[in-house]
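First up is the structure itself, then whatever we jot down about it.
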Amino acid sequence: MAMNLSSRRKGKRSRRAAMAEINVTPLVDVMLVLLIIFMVTVTLPAVGVPIELPESRAAPVEEKPDQITISIDAGGIIYVENEAVAAGRFPEALEALDRGEEQPLIVLRGDRSLDYGRVMQVMGELGRAGFTSISLVTDGSVSAP
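Take any residue in the sequence shown, note its place counting from 1, add 180, and you have its number in this note's numbering.
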């Protein structure tokens with residue numbers, strides 16, 4: 181006794197046509213969400229220390245992967261990357277930095293309300309430690325001083 185399991189009916193052939201279209205709407209939705217997330221995260225500052233930067237019309241400097249960011253907040257506290265340095269321990273923190281084969285670029289971020297002397301103390305200590313390539317970070321400005 182043989183069973184016929186095919187879906188044929190007597191005299192008629194029923195075939196399903198292959199579906200030749202792809203719904204791209206969900207793909208476009210996902211790509212737009214990813215684009216928005218990427219745009220928001222790229223514009224976030226690289227360092228999390230909240231600082232109100234001074235304004236300047238200087239040309240922007242490219243970020244380098246081996247740069248070291250040093251920040252000074254409004255209270256005069258020094259941060260190496262995102263870690264606060266205890267008072268009087270800045271020279272030791274500089275000695276502990278990995279310098280690699282090539283001298284790294286130092287990016288100095290100072291709050292606009294700081295005394296100029298405090299920023300110069302930090303820059304002097306950087307020079308004393310042998311860091312000669314220092315960039316100062318500012319916000320963009322439209323008006324000339």
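For each residue, glycine too, the CB sits at the ideal point set by N, CA and C. All figures in this text were calculated on a predicted structure; none of them were measured in a lab.
Given residue i, which residues of its chain have a CB within under 8 Å of its CB, disregarding the five upstream and five downstream residues?
i             : result
aspartate 319 : Leu233, Pro234, Glu235 and Ser236
serine 321    : Glu235, Ser236 and Arg237
valine 265    : Ile257, Ile258, Tyr259 and Ala273
threonine 312 : Gln283
What whole-angstrom Cβ distance do residue i and residue j have, given they're in contact under 8 Å?
i              : j              : result
aspartate 253  : proline 284    : That belief does not hold up - the Cβ atoms of aspartate 253 and proline 284 are roughly 22 Å apart, past 8 Å.
isoleucine 250 : valine 241     : No, isoleucine 250 and valine 241 are not in contact; Cβ-Cβ is about 15 Å, not under 8 Å.
arginine 289   : glycine 256    : Contact doesn't hold; Cβ gap of about 13 Å is too wide.
isoleucine 248 : isoleucine 217 : That belief does not hold up - the Cβ atoms of isoleucine 248 and isoleucine 217 are roughly 28 Å apart, past 8 Å.
valine 229     : asparagine 262 : 6 Å
Which residue or residues does DSSP assign as beta-bridge partners of residue i?
i              : result
arginine 289   : Ser251
valine 260     : Ile250 and Glu263
aspartate 319  : Glu235
isoleucine 314 : Ile286
Identify, in the order they occur along the chain, each residue of the same chain with its Cβ nearer than 7 Å to the Cβ of residue i, setting aside the five sequence neighbours on each side.
i            : result
arginine 196 : none
lysine 244   : Leu285
Please classify residue i as buried or exposed, where buried requires at least 16 other C-beta atoms within 10 Å of its C-beta.
i              : result
isoleucine 202 : exposed
methionine 199 : exposed
valine 317     : buried
alanine 324    : exposed
Just to confirm my understanding: we take residue i, look at its own chain, exclude 5 residues before and 5 after, and list those with CB closer than 6 Å. What are they?
i                 : result
arginine 328      : An answer regarding residue 328 cannot be provided, because it is not within the stretch 181 to 325 covered by the chain.
valine 220        : none
phenylalanine 270 : Ile258 and Glu305
glycine 310       : none
When the Cβ atoms of the region 272-291 are set against those of the region 301-315, are three or more pairs found closer than 8 Å?
The region 272-291 and the region 301-315 touch, with no fewer than 3 CB-CB distances between them shorter than 8 Å.
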